[in-house]
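To start, the structure under review is shown below, and the notes come after it.
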Amino acid sequence: MPDSAVNQLELLHALPAAATDRPPLLFVHGSYCGAWVWEERFLPAIARAGYPAYAVSLRGHGGSGGDATFASLADYIADVEAAIARLGGRCVLVGHSMGGLIAQHCLRPGHRLAGLALLSSVPPSGLAGAALHLMLATPDLWVQFGLLQSLGPSAVSDALIRRAIFADTTPAAEAARLLPRFQSESLRIAFDLAAPPPPPRPGLRFPVLVVGGSADPLIPVSALHQTAAYYRAELSVLEGAPHGLMLDPAWVEPTLERILTWLDAHHL
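See below:
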């Protein structure tokens, strides 16, 4: 990736009050959004816990430059690898949804990753199985997601995005405040995510955590189990949690608590 493009990547951050030798956490967002999904609640909480916290916006997302219209999975992997390099190569990667699969493809020894946390993540095999589950369980949501992918957020109602991301109990005002920030996604990425090449399997060189919700319509519990088995990871299924673990007010704290407990258990 050219240096000019690397420098256009938005990298939001929140730093602890005192200097620390703890590894930074790098958060990678999913489809249709940007680093902003971590900015309000996750980054400050991680910094208060004593870890440098960063969130990258993929090309054409959030405040990053570049064009995402025909971006590939390989392009997004290159973006995250560029962000890892900017942090010095050693970090804990935290990926959500599509960002989880991108993070799985960044497990290169040269990065000296300290850990990997996958939140509501696309499994190593891709989205084909999850898409079939969505089609059978909620066919109307499956059809609407096809419109969202091909035409962008303006083609679907806010109710669709709310239903996909938030819990039924989420206050309407909170969802309405965040929904306008969602954006169009790469026209190519759906094909890349359907059946991606297998990500590298790092063995047990560093700990891996998989977290997801039982009420997530996009990533079923079976996909969480698949991911955990692939990496021999710790698995936490949050009963009743939706897809947007970092955005839904009721599920931010339980998700953060699980991540911080995991970090502490592994002395990271």
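Numbering-wise, the sequence shown is residues 4 to 271 according to my numbering. No residue lacks a Cβ here, since even glycine has one placed at the ideal position from N, Cα and C. Note that the structure is predicted; figures quoted are calculated from it, not measured.
In terms of residues, what are the limits of the beta strand (DSSP E) holding G98?
V95 to H99
Going by DSSP, name the residue or residues bridged to S239.
V214
Would you kindly check if the distance between the Cβ of S60 and the Cβ of G66 is under 9 Å?
yes
At least 3 beta-carbon pairs within less than 8 Å: the region 14-31 vs the region 162-182:
no
Using 8 Å as the threshold, is the region 38-48 in touch with the region 73-83, meaning 3 or more CB pairs across them?
no
Hey, quick one: how far does the beta strand (DSSP E) through A58 stretch, first residue to last?
A56 to V59
E188, buried or exposed, once every other Cβ within 10 Å from all chains shown has been counted against 16
buried
May I ask you to verify whether the region 94-101 touches the region 109-127, counting CB pairs closer than 8 Å and requiring at least 3?
yes
Just mark G92 as buried or exposed, buried being the case when its beta carbon has 16 or more other beta carbons within 10 Å.
exposed
Three or more C-beta pairs closer than 8 Å, one from the region 241-250 and one from the region 193-211: is that the case here?
no
Entirely enclosed beta strand (DSSP E) segments - the region 23-111, minimum 3 residues
28-31, 56-59 and 95-99
Bridge partners of G118, per DSSP?
V95
Taking the Cβ atom as the reference point for each residue, do L266 and G132 lie within a distance shorter than 9 Å?
no
Should P183 go down as buried or exposed, given a rule of 16 or more other Cβ atoms within 10 Å for buried?
exposed
Report the CB separation of C94 from P202 in whole angstroms; it is logged as a contact under 8 Å.
With 8 Å as the limit, C94 and P202 do not qualify as a contact, their Cβ atoms being about 17 Å apart.
Could you tell me the boundaries of the beta strand (DSSP E) in which L181 lies?
Run containing L181: none in the beta strand (DSSP E); it sits in the alpha helix (DSSP H), A175 to L181.
Identify the continuous alpha helix (DSSP H) that holds A17 and give its terminal residues.
Run containing A17: none in the alpha helix (DSSP H); it sits in the beta strand (DSSP E), L14 to A17.
Does DSSP put F169 in a helix, a strand or coil?
coil
Can you tell me where the alpha helix (DSSP H) with R261 in it begins and where it stops?
P252 to A268
Pop quiz: L104 and P220 are said to be a contact at Cβ under 8 Å. What is the actual Cβ separation, rounded to whole angstroms?
Going by Cβ atoms, the distance from L104 to P220 rounds to 18 Å, so no, they are not a contact pair.
Helix, strand or coil: which one does DSSP assign to L248?
coil
Between the alpha carbons of G33 and A106, how many angstroms are there, rounded?
11 Å
Where M4 sits in the DSSP three-state scheme:
Per-residue confidence for M4 stands at a pLDDT of 38, beneath the threshold of 50, marking its modelled position as unreliable; no derived number is given.
Pair within 9 Å by beta-carbon distance, A77 and A50
no
Taking A218 and G243 to be in contact with their CB atoms under 8 Å, please state how far apart those CB atoms are, rounded to whole angstroms.
5 Å
Does the separation of the CB atoms of I262 and A120 fall below 9 Å?
yes
So, are the CB atoms of R111 and L12 less than 9 Å apart?
no
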